[in-house]
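Before any comments, here is the structure.
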Amino acid sequence: KWGVRIINFFDYLGTALFAVVGAQVAGDAGMNLVGCSLVGCAAAMGGGSLNALLYGGTNPLLANSPGVRWVANPSFLVVAMVASIATFFVWPYYCQVQANRFIEHAIGQDNIEGADDSIGEDAFLAAWHHHPTFQQAIKDALPNLQYTHKRHTFFQEAIQDALPHLKKLPHLNKHKSHGGRRKRIMDEEGLAYFRHIDSDGSGDIDRSELQTIVQERFHNGWETYWLDTFGLTSLSLANVVGAIRCGLHPIVAATSGVTVCFGGIIRDLLCGRELKIGSQSYAFATGASSATYILLRELTIRRILVLPLVVRTFMSAGACIGLRGYEFWTGHPILRPMHS
Numbered sequence: 001k002w003g004v005r006i007i008n009f010f011d012y013l014g015t016a017l018f019a020v021v022g023a024q025v026a027g028d029a030g031m032n033l034v035g036c037s038l039v040g041c042a043a044a045m046g047g048g049s050l051n052a053l054l055y056g057g058t059n060p061l062l063a064n065s066p067g068v069r070w071v072a073n074p075s076f077l078v079v080a081m082v083a084s085i086a087t088f089f090v091w092p093y094y095c096q097v098q099a100n101r102f103i104e105h106a107i108g109q110d111n112i113e114g115a116d117d118s119i120g121e122d123a124f125l126a127a128w129h130h131h132p133t134f135q136q137a138i139k140d141a142l143p144n145l146q147y148t149h150k151r152h153t154f155f156q157e158a159i160q161d162a163l164p165h166l167k168k169l170p171h172l173n174k175h176k177s178h179g180g181r182r183k184r185i186m187d188e189e190g191l192a193y194f195r196h197i198d199s200d201g202s203g204d205i206d207r208s209e210l211q212t213i214v215q216e217r218f219h220n221g222w223e224t225y226w227l228d229t230f231g232l233t234s235l236s237l238a239n240v241v242g243a244i245r246c247g248l249h250p251i252v253a254a255t256s257g258v259t260v261c262f263g264g265i266i267r268d269l270l271c272g273r274e275l276k277i278g279s280q281s282y283a284f285a286t287g288a289s290s291a292t293y294i295l296l297r298e299l300t301i302r303r304i305l306v307l308p309l310v311v312r313t314f315m316s317a318g319a320c321i322g323l324r325g326y327e328f329w330t331g332h333p334i335l336r337p338m339h340s
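Just so we're aligned: the sequence shown equals residues 1 to 340 in this note's numbering.
Following this line, the structure appears as structure tokens:
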């Protein structure tokens, strides 16, 4: 009884978490309320819908199957819609609060310039030097912007000529800084990030540009990573249990943890983002979770290792969370790309 309740809880939790992340990504891509709701619902229910379509008519036990889950049970659609709409209104407020926090604690209200509350070069560099948290937040927001000291300019230009599609770092040789070598390098590094954030080339950073950095830091930070992790864990468990209830073969049921990632693929395609299913541990972790659940269930059925449903559920969830956590804390992918 408790095991069934936990599975249902995971089902709704995964739906809500994926809707939240989907709506955030859609909002940052410039979509309105309708677009954010659409992407949020597609991210939350796309994988389960695909599984329902794949399972249809493949087994005699599915003759009375209600089909796509959220069509038969609209409560999942309601959860996804509410989570998406709430995120549409709460997410901009969160970004604004975090931008103000940067200004007040790292930049300093006295260093704000102009009527538009812009941040100048000197104020940015001062925060870059004296507030490691501010510096790390900027680097987390722009992980693909790799700073190179000017003595490596020839090597940098050679790489950029070979890969012209990559965004070039601004030229820093004209900047004159005083102090030791370490300070000069930090100044040049800070200016590289400053000029990248200053997208309009105005010479200062306004609040809208700073809010964009807050958004990017969140998407590249631990918050989104663990929201994705718990969402993936919840939906993989819910879908493998659903596949078992449909009477599918254990091997087929185990694959439901992989195909459930389709919701995240839809989200990234609609928002023009890089697909992460093959570059991070998405499919591997969810597949390991569902395979663990199937293995423990088969051992219990055969009386080899009898475990309650609650224990099997949390052990399977631990497989996904553990793999994702290992990748997060080590900073290295569990599975290497083909060309590595």
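From the three backbone atoms N, C-alpha and C, an ideal C-beta is built for every residue, glycine too.
Residues near residue i in its chain [Cβ-Cβ closer than 6 Å; skip 5 each side]
i	result
Ile-205	Ile-119, Ile-197 and Asp-198
Phe-124	Phe-194
Cys-271	Val-25, Ala-26 and Ala-29
Pro-227	In the sequence on display, residue 227 carries Leu and not Pro. Closer than 6 Å at the Cβ level, and outside the excluded window around Leu-227, lie Leu-17 and Val-21.
Val-39	Gly-22, Ala-26, Arg-267 and Leu-270
8 Å Cβ shell around residue i - same chain, five flanking residues per side excluded
i	result
Arg-69	Met-45, Gly-48, Ser-49, Ala-52, Phe-76 and Gly-242
Leu-210	Ala-99, Phe-102, Ile-103, Ile-119 and Ile-197
Leu-33	Ile-85 and Phe-88
Glu-121	Leu-191, Phe-194, Gly-203 and Asp-204
8 Å contact criterion, which residue i and residue j should meet: CB distance rounded
i	j	result
Leu-253	Ile-244	Note on identity: in this sequence residue 253 is Ala, with Leu being the wrong assignment. 5 Å between Cβ atoms; contact.
Ala-341	Ser-84	Because residue 341 is not part of the residues shown, which for the chain are 1 to 340, the question remains open.
Met-186	His-129	6 Å
Leu-54	Thr-259	7 Å
Arg-217	Ala-137	5 Å
Ser-281	Glu-327	5 Å
Close beta carbons around residue i, own chain, < 7 Å, minus the five adjacent residues each side
i	result
Ala-317	Thr-233, Leu-237 and Ser-289
Val-306	Thr-300
Gly-14	Gly-231, Ser-234, Leu-235 and Ala-238
Val-310	Trp-2, Gly-3 and Ile-6
Gly-263	Phe-18, Ala-42, Ala-43, Ala-44, Met-45, Gly-46 and Gly-47
Ile-353	The chain is shown only over 1 to 340; residue 353 falls outside these bounds and no answer can be derived.
Glu-298	Pro-250
Ile-321	Thr-229 and Thr-233
Between the CA atoms of residue j and residue i - distance to the nearest angstrom
i	j	result
Arg-312	Ala-319	11 Å
Ile-213	Trp-2	43 Å
His-249	Ile-103	57 Å
His-339	Asn-73	44 Å
Phe-314	Glu-189	45 Å
His-219	Arg-5	31 Å
Ile-334	Pro-143	19 Å
Gln-24	Pro-132	27 Å
Gly-203	Val-97	24 Å
Gly-201	Phe-134	22 Å
Leu-341	Gly-22	Residue 341 lies beyond the range of the chain shown here (1 to 340); nothing can be said about it.
Arg-273	Arg-303	46 Å
Arg-331	Leu-323	A small fix is needed here, since residue 331 is Gly in this sequence, not Arg. Spanning the two alpha carbons is a distance of roughly 12 Å.
Ile-112	Lys-183	23 Å
Phe-292	Asn-8	First, the amino acid is wrong: residue 292 is Thr here, not Phe. Distance between the alpha carbons of Thr-292 and Asn-8: 19 Å.
Cys-261	Leu-145	28 Å
Thr-224	Val-71	28 Å
Candidates the options, of which the one nearest residue i by Cα
i	options	result
Cys-41	Tyr-55, Ile-6, Phe-88 and Gly-247	Phe-88
Cys-36	Val-90, Ala-72 and Asn-8	Val-90
Gly-108	Ser-281, Tyr-94 and Ala-126	Ala-126
Gly-325	Thr-229, Leu-142, Arg-297 and Gly-264	Thr-229
Arg-207	Gly-247, Tyr-93, Leu-227 and Leu-275	Tyr-93
Gly-221	Val-240, Trp-329 and Arg-297	Trp-329
Ala-192	Lys-139, Leu-227 and Val-240	Lys-139
Arg-336	Phe-284, Leu-269 and Cys-246	Phe-284
Cys-95	Val-71, Ala-141, Glu-121 and Asp-122	Ala-141
Practice task
Take every Cβ of the segment 76–89, pair it with every Cβ of the segment 6–25, and state whether three or more of those distances are shorter than 8 Å.
Solution key: yes
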